[in-house]
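Structure first, then comments.
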Ligand SMILES: Nc1ncnc2c1ncn2[C@@H]1O[C@H](COP(=O)(O)OP(=O)(O)OP(=O)(O)O)[C@@H](O)[C@H]1O
Ligand SMILES: [Mg+2]
C-alpha cells in the first residue's frame, strides 16, 4: 500500500497549518512573547501590602512598561511583601530614589506597579533596593476607614 | 422484582465487561504504537483520512463560532463600556473552552464515527480475521496507526479552530462593529496567558483526541459484526464521545482553572 | 508425527455442542479433506486450528505446539507458517487485487518492490487473474475473489494451507485448474493441505485422507477409496449426494408439521 505523493503533501500541509495555528495562538493571541523578555536586571521593593499583585504583573513608568514582577515573597523579618522586579535592560537610567506604588488599572482591573522617577544622579542596578514604596489601596480597607471616620465625626 | 434486579445485575456486569475489554484493547494498541515510528507511512495515510478530512468542517465551524462570539460579546460588553475587551473575551472563550470542546465534538462526529464504521465493517467482512491468519495483528496494523493519527490530529485541529475563531471574532468586532483593532489585539495579548490558557487548552484537546479515538476504535472493534451492529456502534461512538468530552472538560477545567 | 493433532476437542456455541470429542490427525505433505453437512462446524474447526477460537476442552497441536497455550508472539510466528483461504475470501476491500496479494509479503518481508511484483504476478498467473490485478475487490465476482484469496494464502509459501471451500462458485474450467493447482503445490512444495469442501468428486480426486464430520463427531475417516466402499448408509448418502437417507438436511429443531400446526404467528 504505497501512498501517492499528494497524500503525503496534503498531510504535510495539514500538520503545518496546525502548527501555524499554534504559532498564531502563541505570538498573536497570548502573551507568549513576554516570556522572551529582553534580558534585564533585578531590583527589590518592599511593600506593606500588595493587594492583588501577581508574578508577571507589569511594571510601568509614566505608563510605559519597563519590566515585570519576577517574584513575590514574604519577608520573615518585617512581615512585608518582598517583591522582585525584573526591569528591562534598555531602561538602565532609572534613578536610585525612584518610588514604587501599586496601582489598579481602572476601578476593578488588574494591579500593576508604577514607578515615579526620583532626582538622583545614580541609577538603579542589579540587586538594588527601592526604598520608597506605597502599598496597594485595598478597597475594603478604604471603605472601612471611610465608615469609621464617618462614625467618629458624628 | 427479582427479575428486575437480575437484569440490572446482568447489565452492570456487561458494563464492567465492556470497560475491561476497552482498557485491554487500549493497552494492546499502546503497545503497538512504538513500532509505528518505523513504518510512519501507515500513520500518514491515517492522518490523511482522520485529520485532513476534518479540516474543512473545523475551519468553517471555527470561523462562525468566532463571529458569533464577537457579536454576542460586543452586545454584552458595550453596556459596560468595555468593548475594547472583546478580543480578550473571544480569545479566552475559544482557547480555553470552545476550541478544544467544539472541535472535539466535531471530530467525534466527523472522524470518530467514520473510524468506527470502517473498523466494524472490516470486522464483519472477516478482513480482521483474515489479517490475523496472515499473522498480521490487526490491533497493530489497523488500530494503532489510526489511534496515533487521531491523537496527533486533535490538538492541531483544535488549534486551527481557535486561531480561525479569533480571526472570525476580529472580523466581526473590528470590521462590522468598529472596535479599535489595536485595543482588540493588545488587550487580548495582555490577558491571554500562554501557559494558563493556551497550553491548558492544548492539553485538553490532546486528552479529548486520545479519548475520542479510543472510543471510536473500541466501538468498531467490539461491534456486533452485522449491519445493524455496526450502525449502533457508530451511534454509540458519537454519543459516548460527547459525554466523555463534556465530562472530562468539567474535570480538566476544575483542575486547571479551578484554583485561581 | 502428524502436523496437526486434535485430541478430544469440545467446543460449544451457547448450549449447542459444535464439537463433542473429536480426534483428527493431519499428516505432513498430505491433502486431508474435512467434509460434512453444512453447519457442522468445518469453518469453526479451521478457526480453532488457527487459534482464533479457543476450545472448551481438548487440545490442538500444530507442529508440536499446543496452539492455545502459545503466547501472542508465538501464535503469530506459527500463523506465518499457515495459510488460510477464507470461505468469504476476506480480501481487504480498500486496496486492489495486486496489493491484496502483496500484503503478506510486504508485511513480513523487506523484499524490494520489483521482487514483490514478480512474486505477486506469479501467484496471480497461477490462479488466472494476472490481468485483473488492478481491479478492486468490489469489482470481482465471488469466484474471482476466492481465487485472489487463494493466491494471497500461498504467497508466503507456508508449511500448511487450510482451504475453506475453495471450489465453491467456480466454473468447471477454473475448478479443474484449482484442483490441479492445489494438487501441484502439495506435490511440488511438500505442503500440507486441509481442504474443507462439499464437492465430493473433486475432493475425493485429490485428497489422501478424508474425515467426515457430523453432529459434533467424526463419523467416518479413511482414504477416498475406503469411504466409497464404506458400508455405512450415512457415508454412502453423503458421498453420493442422495436426498434421502440418515443425514438430516435441516437445522435441528421441531418437526415441520408441528411447526405448521402450532401456528406461532410471532415468528
Ligand atoms: N458466531 C457464531 N455464534 C453462534 N453460532 C455460530 C457462530 N458461528 C457459527 N455458529 C454456528 O456454528 C455452527 C458451525 O458453523 P460453521 O460456520 O463452522 O459451519 P460449516 O460447517 O463451515 O458450514 P458451511 O459448510 O455451510 O460453511 C453453525 O451451525 C452455526 O450456527
Ligand atoms: Mg463454513
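Residue numbers (the numbering used here), protein chains in the order written: chain A, 24 to 177; chain B, 3 to 262; chain C, 1415 to 1681. Just so you know, even glycine gets a beta-carbon here, dropped at the ideal spot from N, CA and C.
Would you tell me roughly how many angstroms separate the C-alpha atoms of residue 1676(C) and residue 1665(C), rounded to the nearest one? Cα to Cα, the separation comes out at about 18 Å.
My parser needs the beta strand (DSSP E) runs of 3 or more residues fully inside the segment 75 to 140 of chain A; what are they? Entirely contained in the segment 75 to 140 of chain A, the beta strand (DSSP E) runs reaching 3 residues are, in chain order, 81 to 84, 87 to 97, 104 to 111, 122 to 127, 134 to 139.
Any beta carbon from chain B within less than 9 Å of residue 44(A)'s own beta carbon? Using beta-carbon distances, residue 44(A) counts as an interface residue toward chain B, with a partner under 9 Å.
Chain C within 9 Å of residue 143(B), Cβ atoms only: It does: the Cβ of residue 143(B) has a partner Cβ on chain C nearer than 9 Å.
Quick test of your reading: residue 65(B) and residue 162(B), contact by CB under 8 Å. State the CB separation rounded to the nearest angstrom. Wrong, their Cβ atoms sit about 10 Å apart, outside the cutoff.
I want to verify the contact list: residues of chain B whose CB lies under 7 Å from the CB of residue 48(A), in sequence order. Under the 7 Å cutoff, chain B gives 97, 161, 164, 165, 200.
Can you round the beta-carbon distance between residue 118(B) and residue 221(B) to whole angstroms, since I take them to be within the 8 Å contact cut? For a cut-off of 8 Å, the C-beta gap from residue 118(B) to residue 221(B) is around 5 Å, short enough to register as a contact.
Which residues mark the beginning and the end of the alpha helix (DSSP H) in which residue 169(B) is found? Under the DSSP assignment, residue 169(B) falls in the alpha helix (DSSP H) whose first and last residues are 146 to 172.
Members of the segment 1507 to 1535 of chain C near chain B, C-beta cut-off 9 Å: So the close ones are 1507, 1508, 1517, 1518, 1521, 1522.
Taking only runs of the beta strand (DSSP E) that begin and end inside the segment 1444 to 1507 of chain C, which ones reach a length of at least 3 residues, in chain order? Counting whole runs of 3 or more residues, the segment 1444 to 1507 of chain C contains the beta strand (DSSP E) stretches 1445 to 1449, 1471 to 1476, 1496 to 1499.
On the three-state DSSP scale, how would you describe residue 1645(C)? Coil.
In chain C, which residues lie less than 8 Å from residue 236(B) when you measure between Cβ atoms? Under the 8 Å cutoff, chain C gives no residues; its nearest Cβ is about 18 Å from residue 236(B).
Quick one: grab the DSSP three-state call for residue 148(A). Here residue 148(A) carries a coil assignment [DSSP, helix/strand/coil].
Do residue 1612(C) and residue 1452(C) have their C-beta atoms closer together than 9 Å? It is a contact, given that the beta carbons lie within the stated cut-off.
Would you call the CB atoms of residue 1432(C) and residue 1454(C) closer than 9 Å? Taking 9 Å as the Cβ cut-off, residue 1432(C) and residue 1454(C) qualify as a contacting pair.
Compare the C-beta of residue 24(A) against all C-beta atoms of chain B and say whether one is closer than 9 Å. In this predicted model, residue 24(A) has a pLDDT of only 45, less than 50, meaning its place in the structure is not dependable enough to derive any value.
With respect to the alpha helix (DSSP H) encompassing residue 124(B), which residues constitute its N-terminal and C-terminal limits? For residue 124(B), the enclosing alpha helix (DSSP H) stretches over residues 115 to 126.
Interface residues of chain A around residue 195(B) at Cβ under 7 Å? Neighbours of residue 195(B) in chain A, taken as residues at a C-beta separation under 7 Å, are given in chain order as 53, 54.
Considering only DSSP beta bridges, list what residue 174(A) is partnered with. According to DSSP, which records beta bridges pairwise, residue 174(A) is partnered with nothing at all.
Leaving out five residues before and five after residue 63(B) in sequence, what residues of the same chain have Cβ atoms less than 8 Å from its Cβ? Its chain contains 104, 105, 108, 163 as the residues whose beta carbon lies nearer than 8 Å to that of residue 63(B), once the 5 sequence neighbours on both sides are disregarded; these appear in chain order.
Three-state class that DSSP yields for residue 1681(C) in the structure shown: Reliability fails at residue 1681(C), whose pLDDT of 45 lies under 50, so the model's placement of it is uncertain and no value is given.
Check whether the Cβ of residue 1468(C) lies closer than 9 Å to any Cβ atom in chain B. The Cβ of residue 1468(C) sits no closer than 9 Å to any Cβ of chain B.
Taking just the CA atoms, how far does residue 1540(C) sit from residue 1562(C)? Taking the straight line joining both Cα atoms gives about 10 Å.
If residue 122(A) sits next to residue 141(A), beta carbons under 8 Å apart, how far is it from one beta carbon to the other, in whole angstroms? So it is a contact: roughly 7 Å between Cβ atoms.
How would you label residue 162(A), buried or exposed, when you count the other beta carbons within 10 angstroms and need 16 or more for buried? Residue environment: residue 162(A) is assigned as exposed (fewer than 16 neighbouring CB atoms within 10 Å of its CB, all protein chains considered).
Is the segment 175 to 186 of chain B touching the segment 195 to 210 of chain B, taking contact as three or more C-beta pairs under 8 Å? In short, these stretches do not touch, since the Cβ pair count stays below three.
Taking the alpha-carbon positions, what's the residue 24(A) to residue 141(B) distance? With a pLDDT of 45 at residue 24(A), under the threshold of 50, the predicted position of this residue should be treated as unreliable, though the coordinate-derived value follows. Computed Cα separation, rounded: 18 Å.
Under 9 Å between the Cβ atoms of residue 1497(C) and residue 1570(C)? Inclusion of residue 1497(C) and residue 1570(C) in the CB contact set at 9 Å is warranted, their separation being smaller than that value.
Only counting the same chain, and skipping five residues up and downstream in sequence, which positions put a Cβ closer than 7 Å to that of residue 166(B)? So the list reads 61, 64, 65, 68, once near-sequence residues are dropped.
Tell me where the beta strand (DSSP E) around residue 1607(C) begins and ends. Taken as a continuous stretch (DSSP letters only), the beta strand (DSSP E) holding residue 1607(C) covers 1606 to 1610.
For the segment 110 to 117 of chain B and the segment 237 to 246 of chain B, state whether three or more C-beta atom pairs, one from each stretch, are separated by less than 8 Å. Because the criterion of three Cβ pairs below 8 Å is met, the segment 110 to 117 of chain B and the segment 237 to 246 of chain B touch.
Residue nearest to residue 101(B) in terms of C-alpha spacing, selected from 39(B), 203(B), 152(B): Checking every option, the nearest Cα to that of residue 101(B) belongs to 203(B).
Taking only beta-carbon atoms, is residue 187(B) less than 9 Å away from chain A? The beta carbon of residue 187(B) sits closer than 9 Å to some beta carbon of chain A.
Alpha carbon to alpha carbon, what distance is there between residue 205(B) and residue 255(B)? Separation of residue 255(B) and residue 205(B) (C-alpha to C-alpha, rounded to the nearest whole angstrom) is 11 Å.
Mind pulling the chain A residues with CB within less than 7 Å of residue 192(B)? Neighbours of residue 192(B) in chain A, taken as residues whose beta carbon is under 7 Å from its own, are 54 in chain order.
Which residues in the same chain as residue 1601(C) place their Cβ atom closer than 7 Å to its Cβ, once the five residues preceding and following it in sequence are excluded? None.
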